[in-house]
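Chains H and E, in that order, give the protein sequences. Under my numbering, read the first sequence as residues 11 to 452, first letter to last. Under my numbering, read the second sequence as residues 235 to 403, first letter to last. Glycine included, every Cβ here is placed at the ideal spot set by N, Cα and C.
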Amino acid sequence: MIKPMRKISSSFAIILLVAVALFAGPAAAQSLSVDIVGGVKTATPIVVVPFAQQAGMSPLSTDVADVMRNDFNRSGKFRSLARSEIVETPSQGSEIKFATWRLLKQDYIVVGRISDAGSGMLNVTYELWDVNKQQELLGGTFTKPTASLRDVAHQIADKVYQQITGVRGAFWTRMAYITAVGLGDHITYSLIVADSDGYNPQVAVRSHESLLSPAWSPDGSSIAYVSFEDGNSSIRIQNLVTGARQIVSARKGINGAPAWSPDGKKLAVSLSYVGNPEIFIIDLATHQETRLTHSLSIDTEPVWAPDGQSIYFTSDRSGRPQIYQIPVTGGTPQRITFQGQYNAKASVSYDGKQIAMVQGNGNVYRIAIQDQSLGGQTRFISPGPFDDSVSFAPNASMLLYAATDGSRGVLYSVSNDGLVRQRLILADGNVQEPAWGPYREH
Amino acid sequence: MNKTVRVALVALLCVGAAACTKKQEVKPTPPPAAQPTQPQAPVSDGKYTPADLDTDACLRQRTVYFDFDKSEIKPEFQQIMACHAKYLRDRPSAQIRLEGNTDERGTREYNLGLGERRGNAVSSALQADGGSASQLSVVSYGKEKPVCREHNEDCWSKNRRVEIVYTAQ
Chain H
11 MIKPMRKISS
21 SFAIILLVAV
31 ALFAGPAAAQ
41 SLSVDIVGGV
51 KTATPIVVVP
61 FAQQAGMSPL
71 STDVADVMRN
81 DFNRSGKFRS
91 LARSEIVETP
101 SQGSEIKFAT
111 WRLLKQDYIV
121 VGRISDAGSG
131 MLNVTYELWD
141 VNKQQELLGG
151 TFTKPTASLR
161 DVAHQIADKV
171 YQQITGVRGA
181 FWTRMAYITA
191 VGLGDHITYS
201 LIVADSDGYN
211 PQVAVRSHES
221 LLSPAWSPDG
231 SSIAYVSFED
241 GNSSIRIQNL
251 VTGARQIVSA
261 RKGINGAPAW
271 SPDGKKLAVS
281 LSYVGNPEIF
291 IIDLATHQET
301 RLTHSLSIDT
311 EPVWAPDGQS
321 IYFTSDRSGR
331 PQIYQIPVTG
341 GTPQRITFQG
351 QYNAKASVSY
361 DGKQIAMVQG
371 NGNVYRIAIQ
381 DQSLGGQTRF
391 ISPGPFDDSV
401 SFAPNASMLL
411 YAATDGSRGV
421 LYSVSNDGLV
431 RQRLILADGN
441 VQEPAWGPYR
451 EH
Chain E
235 MNKTVRVALV
245 ALLCVGAAAC
255 TKKQEVKPTP
265 PPAAQPTQPQ
275 APVSDGKYTP
285 ADLDTDACLR
295 QRTVYFDFDK
305 SEIKPEFQQI
315 MACHAKYLRD
325 RPSAQIRLEG
335 NTDERGTREY
345 NLGLGERRGN
355 AVSSALQADG
365 GSASQLSVVS
375 YGKEKPVCRE
385 HNEDCWSKNR
395 RVEIVYTAQ
């Protein structure tokens with residue numbers, strides 16, 4: 011029998027329960043729990059059938075279909091059918107009864123199967139079908155170590171996302187963020203790298219002094235960040251592959267706000283040894299510094315335009331903080347934000363068309379997106395009141411930002427239209443300053 | 235009831251009345267411990283000694299509070315500036331670290347800048363009163379080191395501060 015489709019809210023409630031159950035494991039102390047607070051009815055319906063497992067295999071710790079369902083729901087572009095409403099479990103195209111899924115109003119169906127490839131490897135085979143046309147759109151097999159099963163699930167989700175939307179998927183990516191755990195003089199700060207859905211958190215740097223402003227190198231190998239380990243701020247680079255660490259700037263005053271150039275060869279930073287914070291570009295090979303701004307204001311939070319030709323930054327030269335743009339060769343900065351009393355910490359989409367920022371009005375600070383192609387119109391994608399640190403996904407379909415819940419710092423991912431938000435919570439302590447990493451190649 | 239007490243009572247009533255008739259305008263809560271308790275002006279020919287850091291009413295005031303997004307030193311802190319500057323004059327080997335802080339509103343890096351601006355403002359004031367630049371250093375923690383963690387003006391006003399830390403007496 012086919013059950014009538016329930017409202018989207020119940021689907022999401024089930025996703026929440028599944029997520030909570032998944033996180034009840036031993037890693038809970040360092041894991042992020044997941045729930046979706048909004049929903050969108052215009053999203054494309056897709057069903058991801060549980061992947062069949064070869065007879066005789068020991069049960070796998072990762073439910074590939076479940077990982078994919080969460081990815082699709084989080085994107086805001088898709089609405090995946092809840093596991094409890096999946097009434098049949100085909101594992102290949104020839105087993106799909108399309109009438110069933112048409113009745114459940116599904117546009118697309120993903121089926122798949124997992125088999126043992128020997129030596130700790132698995133074969134994960136998937137197929138994407140159009141329910142109405144009864145046509146296979148995509149199919150393939152990943153042969154990967156068992157431990158990489160979540161990575162495989164995200165990669166399949168990316169391929170499906172791209173096939174249907176025409177936009178490269180960004181589920182198989184990572185994020186960096188800072189956690190602060192403890193009280194008073196006993197706070198431990200950690201720079202953490204995790205999958206973009208919050209799973210698999212790994213500590214990259216740990217310190218008893220503040221850590222700030224993680225920034226990904228374009229190739230995803232390194233993270234630049236600000237550390238107070240030596241009492242004053244310094245800019246450092248942590249190589250995630252080799253574990254090597256280097257100090258890029260430890261001058262008098264503020265050494266802050268690192269941002270990688272698109273070619274990965276330079277860092278834009280904010281340094282105040284000249285008397286007040288100014289934007290500089292540091293060549294990482296030669297360590298040569300080039301000063302870009304000259305004003306008595308606070309100039310900070312630089313971020314590169316995708317073409318590498320200009321830099322956006324925060325400045326209070328007009329009184330309150332606003333976003334400005336300056337050519338990398340220097341010149342007169344142009345103010346680009348005019349709505350809102352306070353605009354700071356820009357993040358630029360890959361195509362340069364959208365600029366996300368923290369916008370403050372009165373005591374309410376929310377994440378706003380300014381669309382450059384729409385004459386600088388801004389729209390809010392977060393409710394506030396103390397939202398901070400926004401970061402675009404590499405395909406700009408989603409963003410990460412930091413918010414405050416009670417006295418606790420928490421992270422959200424939000425769809426570009428602001429309609430689907432997913433909260434990522436550390437069980438204890440504050441989570442802050444998320445930075446979405448680049449696409450992964452391996 | 236002697237005259238002094240009566241005058242004081244009348245003064246209190248006036249203050250109360252004024253406070254009541256004033257519309258509840260949104261004004262920042264006066265920062266805590268803003269008013270130095272009428273510090274003893276140091277004797278002009280007597281020099282401060284390290285012991286005074288623990289006993290002198292003025293020198294014991296080590297926190298300067300600021301208005302939102304501002305770095306101007308308010309008049310009520312001038313006296314504190316003066317006594318710490320005198321200490322620096324009296325003791326050339328003394329060193330002060332000025333730790334600038336902000337409230338939680340706004341981004342972390344901008345607040346680093348704002349905290350430094352406040353630290354620099356205190357440094358300038360101490361130098362204007364005769365302290366030497368070589369005795370002063372500024373570090374900004376931005377909003378990273380709040381003393382109060384609630385989301386209201388009362389708390390914010392306690393966090394918008396520069397702490398005067400003697401690293402050498």
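Residue i by DSSP, collapsed to three states: which one?
{"i": "H/I333", "result": "strand"}
{"i": "H/D2", "result": "Past the boundaries of the shown model lies residue 2 of chain H; chain H is included only from 11 to 452, so the question cannot be answered."}
{"i": "E/S368", "result": "helix"}
{"i": "E/K261", "result": "For E/K261, the predicted model reports a pLDDT of 46, less than 50, meaning its position is unreliable; a value from the coordinates is still stated below. In the structure shown, E/K261 sits in coil (DSSP, three-state: anything other than H, G, I, E or B)."}
{"i": "H/A38", "result": "Note on H/A38: pLDDT 34, under 50, position unreliable in the model; no value is reported."}
{"i": "E/N386", "result": "coil"}
{"i": "E/R395", "result": "strand"}
{"i": "H/A53", "result": "coil"}
{"i": "E/D363", "result": "coil"}
{"i": "H/L421", "result": "strand"}
{"i": "H/N440", "result": "strand"}
{"i": "H/D398", "result": "strand"}
{"i": "H/L221", "result": "strand"}
{"i": "H/R261", "result": "coil"}
{"i": "H/I292", "result": "strand"}
{"i": "E/N321", "result": "The residue asked about is misnamed: residue 321 of chain E is Tyr in this sequence, not Asn. Correct three-state label for E/Y321: helix."}
{"i": "E/G349", "result": "helix"}
{"i": "H/F61", "result": "coil"}
{"i": "E/E310", "result": "helix"}
{"i": "H/Q165", "result": "helix"}
{"i": "H/L91", "result": "coil"}
{"i": "E/R342", "result": "helix"}
{"i": "E/K256", "result": "With a pLDDT of 39 at E/K256, under the threshold of 50, the modelled position of that residue is not reliable, and no figure is offered here."}
{"i": "H/D326", "result": "coil"}
{"i": "H/Y187", "result": "strand"}
Sort the options by Cα distance to residue i and report the nearest one.
{"i": "E/D388", "options": "E/D337, E/N354 and E/L360", "result": "E/D337"}
{"i": "H/D140", "options": "H/R84, H/G103 and H/R178", "result": "H/G103"}
{"i": "H/Q349", "options": "H/Y322, H/R327, H/G385 and H/F323", "result": "H/G385"}
{"i": "H/V191", "options": "H/E288, H/K275, H/T324 and H/S217", "result": "H/S217"}
{"i": "H/N286", "options": "E/Y344, E/G364, E/V399 and E/Q369", "result": "E/Y344"}
{"i": "H/P272", "options": "H/L250, H/P312, H/A260 and H/I264", "result": "H/P312"}
{"i": "E/C317", "options": "E/T289, E/R342 and E/N386", "result": "E/T289"}
{"i": "H/L134", "options": "H/A278, H/K107, H/E443 and H/A75", "result": "A small fix is needed here, since residue 134 of chain H is Val in this sequence, not Leu. Nearest C-alpha to H/V134: H/A75."}
{"i": "E/K392", "options": "E/E378, E/E310, E/V298 and E/A291", "result": "E/V298"}
{"i": "H/G252", "options": "H/D195, H/P224, H/V258 and H/I233", "result": "The sequence given here has Thr at residue 252 of chain H, not Gly. Answer by Cα proximity: H/I233."}
{"i": "E/E378", "options": "H/I119, H/V374 and H/D195", "result": "H/D195"}
{"i": "E/A291", "options": "E/I314, E/E310 and E/S305", "result": "E/I314"}
{"i": "E/V307", "options": "E/H385, E/G353 and E/G365", "result": "At residue 307 of chain E the sequence reads Ile, which differs from the Val that was named. For E/I307, the nearest C-alpha among the options comes from E/G353."}
{"i": "H/G128", "options": "H/L114, H/T156 and H/K115", "result": "H/T156"}
Since residue i sits in a beta bridge, which residues does DSSP pair it with?
{"i": "H/N249", "result": "H/S232"}
{"i": "H/N353", "result": "H/Q369"}
{"i": "H/W111", "result": "The partner list for H/W111 (beta bridge, DSSP) is empty, contrary to what the question assumes."}
{"i": "H/L148", "result": "H/L138"}
{"i": "H/D240", "result": "H/N242"}
{"i": "E/F302", "result": "Partner(s): none; E/F302 has no beta bridge."}
{"i": "E/G376", "result": "E/N335"}
{"i": "H/V120", "result": "H/V58 and H/L138"}
Going straight from the alpha carbon of residue i to that of residue j, what length do you get?
{"i": "H/D117", "j": "H/M408", "result": "22 angstroms"}
{"i": "H/D81", "j": "H/G274", "result": "29 angstroms"}
{"i": "H/I336", "j": "H/A269", "result": "15 angstroms"}
{"i": "H/L159", "j": "H/Q172", "result": "20 angstroms"}
{"i": "H/Q64", "j": "H/G122", "result": "11 angstroms"}
{"i": "H/L222", "j": "E/R323", "result": "37 angstroms"}
{"i": "H/S399", "j": "H/S357", "result": "9 angstroms"}
{"i": "H/A366", "j": "E/Y321", "result": "49 angstroms"}
{"i": "E/T319", "j": "H/F390", "result": "For clarity, residue 319 of chain E is Ala in the given sequence; the question names Thr instead. Near 48 angstroms, if we compare the C-alpha coordinates of H/F390 and E/A319."}
Does chain C have any CB closer than 8 angstroms to the CB of residue i?
{"i": "E/L346", "result": "Among the protein chains in the structure shown, which are H and E, there is no chain C."}
Taking beta-carbon pairs under 9 angstroms, can you tell me which members of the region 269 to 282 of chain H lie near chain E?
So the list reads S280 and S282, given in the order they occur along the chain.
For the region 322 to 333 of chain E, which residues have a CB atom closer than 7 angstroms to at least one CB atom of chain H, in sequence order?
From the region 322 to 333 of chain E, no residue has a Cβ closer than 7 angstroms to chain H.
Listed in chain order, which residues of the region 226 to 259 of chain H have Cβ atoms closer than 9 angstroms to some Cβ of chain E?
The residues in question are V236, F238, G241, N242 and S243.
Identify each residue in the region 281 to 301 of chain E for which the Cβ-Cβ distance to at least one residue of chain H is less than 8 angstroms, and report them in chain order.
If you check each beta-carbon in the region 281 to 301 of chain E against every beta-carbon of chain H, none falls closer than 8 angstroms.
The region 363 to 374 of chain E: which residues have C-beta closer than 7 angstroms to a C-beta of chain H, in chain order?
Result list: V373 and S374.
Beta carbons nearer than 8 angstroms to chain E: which residues of the region 385 to 399 of chain H have them?
Taking 8 angstroms as the Cβ-Cβ cut-off against chain E, the residues of the region 385 to 399 of chain H that qualify are P395, F396, D398 and S399.
Members of the region 339 to 372 of chain H near chain E, C-beta cut-off 8 angstroms
Result list: Y352, A354, K355, V368 and G370.
Would you list, in chain order, the members of the region 282 to 298 of chain H that have their beta-carbon closer than 9 angstroms to a beta-carbon of chain E?
Of all residues in the region 282 to 298 of chain H, the ones placed with a Cβ closer than 9 angstroms to any Cβ belonging to chain E are S282, G285, N286 and P287, in chain order.
Could you run through the region 305 to 317 of chain H and flag, in chain order, every residue whose CB is less than 9 angstroms away from some CB of chain E?
For the region 305 to 317 of chain H, residues whose beta-carbon sits nearer than 9 angstroms to a beta-carbon of chain E comprise S307, I308, D309, T310 and E311.
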